[in-house]
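Have a look at the structure below, then the notes.
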Amino acid sequence: MALLDRLRVLPPALVNVALTVGVLAAQLAPFTLADGEWSLVLLLPVLAASLPLLLRRRIPLTVMFAVLSAIPFYDIIGNGPDQPIWYGWLVAVYTVAYRSPPPHRLVAIVLTAVGTLFFAGSVDTYVRTLAVWVAAYALGRVAVLTRQQSLALRERAMRVERERELAGERAAQQERDRIARDMHDILAHAVSLMVVQAESGPLAVRTQPERAEAAFDAIAASGRNAMGQLRGMLGLLKETGGALDPQPTLDSVPDLVDRVAQATLVETGTRLDLCHNVEVAAYRIIQESLTNVVKHAGARSAEVRLTWEAESLRVTVTDDGRGPDNGEGGQGLIGIRERATACGGTASFGPAPSGRGFQVSVRLPRAVAEVAG
1 MALLDRLRVL
11 PPALVNVALT
21 VGVLAAQLAP
31 FTLADGEWSL
41 VLLLPVLAAS
51 LPLLLRRRIP
61 LTVMFAVLSA
71 IPFYDIIGNG
81 PDQPIWYGWL
91 VAVYTVAYRS
101 PPPHRLVAIV
111 LTAVGTLFFA
121 GSVDTYVRTL
131 AVWVAAYALG
141 RVAVLTRQQS
151 LALRERAMRV
161 ERERELAGER
171 AAQQERDRIA
181 RDMHDILAHA
191 VSLMVVQAES
201 GPLAVRTQPE
211 RAEAAFDAIA
221 ASGRNAMGQL
231 RGMLGLLKET
241 GGALDPQPTL
251 DSVPDLVDRV
261 AQATLVETGT
271 RLDLCHNVEV
281 AAYRIIQESL
291 TNVVKHAGAR
301 SAEVRLTWEA
311 ESLRVTVTDD
321 GRGPDNGEGG
331 QGLIGIRERA
341 TACGGTASFG
351 PAPSGRGFQV
361 SVRLPRAVAE
371 VAG
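Here full-length UniProt numbering is used: position 325 in the sequence shown is 325, and no number is missing along the way.
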């Protein structure tokens with residue numbers, strides 16, 4: 001196969017010339033070994049059965065007909081050395097089988113069967129000639145099938161490689177989107193808390209110094225927490241080899257809720273072992289919901305409820321504020337829905353059951369379902 005591949009890259013004209021010279025040399029070899037005298041006229045059918053191969057790629061059926069027509073004249077002239085095999089004819093048959101369309105191949109079969117029967121001197125010669133013809137023809141068809149299979153395998157390999165590249169690009173894009181959502185959640189939550197505490201601090205600094213001090217402590221804690229999480233995100237982007245802060249999980253939720261003064265945490269049911277991605281999604285959903293409470297709701301209280309079900313976790317964040325107004329928190333709600341959907345869960349939003357405020361309800365499965373590619 002390696003030799004054939006090398007031959008295929010050679011110029012076709014050069015291959016035709018080399019093949020024709022080789023066939024002509026093989027047909028002339030008996031003359032150099034023959035005893036006695038022979039006529040130079042015998043060289044004409046030899047040349048006529050070899051030189052047409054120069055055009056075998058352009059007109060394979062015509063070349064085969066020309067070679068087959070020249071061969072009988074060798075015996076008609078007579079007194080020449082025996083030719084064991086007419087190599088030019090075999091090459092012409094191979095070329096027809098390899099390059100010609102089905103109608104031309106059918107003509108070649110009929111032409112060979114009839115011509116061989118007409119000029120064969122005996123049944124043995126006829127059978128032997130047909131056997132050689134069938135072998136040459138079969139080699140040509142096998143070469144075609146092998147080439148087609150090789151091309152199909154090459155196309156399939158290219159398609160698989162392209163699909164692998166696209167899958168890698170999609171995975172990279174999904175990872176970039178995930179990191180972007182995480183950074184948005186981290187910054188939005190931390191900045192919202194810091195703004196609220198900073199606005200209340202100056203009002204309390206004269207009358208309630210302890211409250212003002214707590215507000216400034218909360219600002220510093222929010223800033224430190226945000227910086228720690230952002231360092232982890234930037235470490236992922238840089239792909240450094242150093243130790244990175246772990247992604248937040250449900251164990252970090254109490255801390256998260258404690259940083260929002262008006263929020264409380266309620267947990268019911270038996271806790272399950274969740275997939276890591278689901279835990280991160282649950283944390284970010286709670287974080288974004290509390291960010292909306294702080295920024296938009298104007299709520300006096302908010303409740304984060306974790307309800308453990310048979311094979312899932314339901315996260316509910318309810319506040320008594322004014323609810324979304326003129327699309328406030330819209331991008332955050334879209335992010336919550338995307339996170340839930342990415343884990344195979346669902347998300348819904350709407351007025352709180354009490355009629356005042358807003359509620360975010362998300363159901364997350366125990367593990368992320370694998371989607372077949």
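Beta carbons: idealized from backbone N, C-alpha and C, even for Gly.
Please read all numbers here as calculations on a predicted model, not as lab measurements.
Q) Which whole-angstrom value is the C-beta distance of V278 and A347, which I expect to be below 8 Å? A) On the sequence shown, residue 278 is found 278 positions in, with the first residue counted as 1. On the sequence shown, residue 347 is found 347 positions in, with the first residue counted as 1. Actually they do not touch by this definition, with Cβ atoms about 13 Å apart.
Q) Got a sec, what are the start and stop residues for the alpha helix (DSSP H) L68 sits in? A) On the sequence shown, position 68 is the one that residue 68 refers to. From DSSP, the alpha helix (DSSP H) with L68 extends over P60 to I77.
Q.
Buried or exposed for R284, going by 16 or more other Cβ atoms inside 10 Å?
A. For the purposes of this step, residue 284 is taken as residue 284 along the sequence shown, with counting starting at 1. With 16 or more other Cβ atoms within 10 Å, it is buried.
Q: Taking T316 as part of the beta strand (DSSP E), name the residues at either end of that continuous run.
A: Residue mapping note: residue 316 aligns to position 316 of the sequence shown, counting from 1. From DSSP, the beta strand (DSSP E) with T316 extends over S312 to D319.
(Q) Going by DSSP in three states, G350 sits in which element: helix, strand or coil? (A) The residue labelled residue 350 in the question sits at position 350 within the sequence shown. Three-state result, G350: strand.
Q. Roughly how many angstroms lie between the CA atoms of L19 and P11, to the nearest whole one?
A. Start at 1 with the first residue of the sequence shown, and residue 19 comes out as number 19. Start at 1 with the first residue of the sequence shown, and residue 11 comes out as number 11. C-alpha separation (whole angstroms): 12 Å.
Q: Reducing DSSP to helix, strand and coil, say where S361 ends up.
A: Residue 361 sits at position 361 when you count from the first residue of the sequence shown. Three-state DSSP puts S361 in a strand.
Q: Report yes if the CB atom of P52 is closer than 7 Å to the CB atom of A66, and no otherwise.
A: The residue given as residue 52 occupies position 52 in the sequence shown. The residue given as residue 66 occupies position 66 in the sequence shown. Yes, these two residues count as a Cβ contact at 7 Å.
Q) Can you give the Cα-Cα distance for A108 and R156, rounded to whole angstroms? A) Along the sequence shown, read from residue 1 onward, the residue named residue 108 stands at position 108. Along the sequence shown, read from residue 1 onward, the residue named residue 156 stands at position 156. The straight-line gap from Cα to Cα measures roughly 34 Å.
Q) Taking the alpha-carbon positions, what's the F271 to L313 distance? A) The count along the sequence shown starts at 1 and reaches residue 271 at position 271. The count along the sequence shown starts at 1 and reaches residue 313 at position 313. Looking at the sequence shown, residue 271 is not Phe but Arg. Their Cα atoms are separated by approximately 9 Å.
Q. Looking at the structure shown, is R322 part of a helix, part of a strand, or coil, going by DSSP?
A. Against the sequence shown, residue 322 aligns to sequence position 322. R322: coil per DSSP, three-state reduction.
Q. Excluding the five sequence neighbours on either side, which residues of its own chain have a C-beta within less than 6 Å of the C-beta of T318, listed in chain order?
A. Taking the first residue of the sequence shown as position 1, residue 318 is located at position 318. For T318, same chain residues with a beta-carbon under 6 Å away, outside a window of 5 residues either side, are E303, A352 and Q359 in chain order.
Q) Out of F73, V280, L54 and D258, which has the shortest C-alpha to C-alpha gap to D185? A) To locate residue 185, count along the sequence shown from 1; it is residue 185. For D185, the nearest C-alpha among the options comes from V280.
Q) Between which two residues does the beta strand (DSSP E) carrying W308 extend? A) Against the sequence shown, residue 308 aligns to sequence position 308. Looking at the DSSP string, the run of the beta strand (DSSP E) that includes W308 is A302 to W308.
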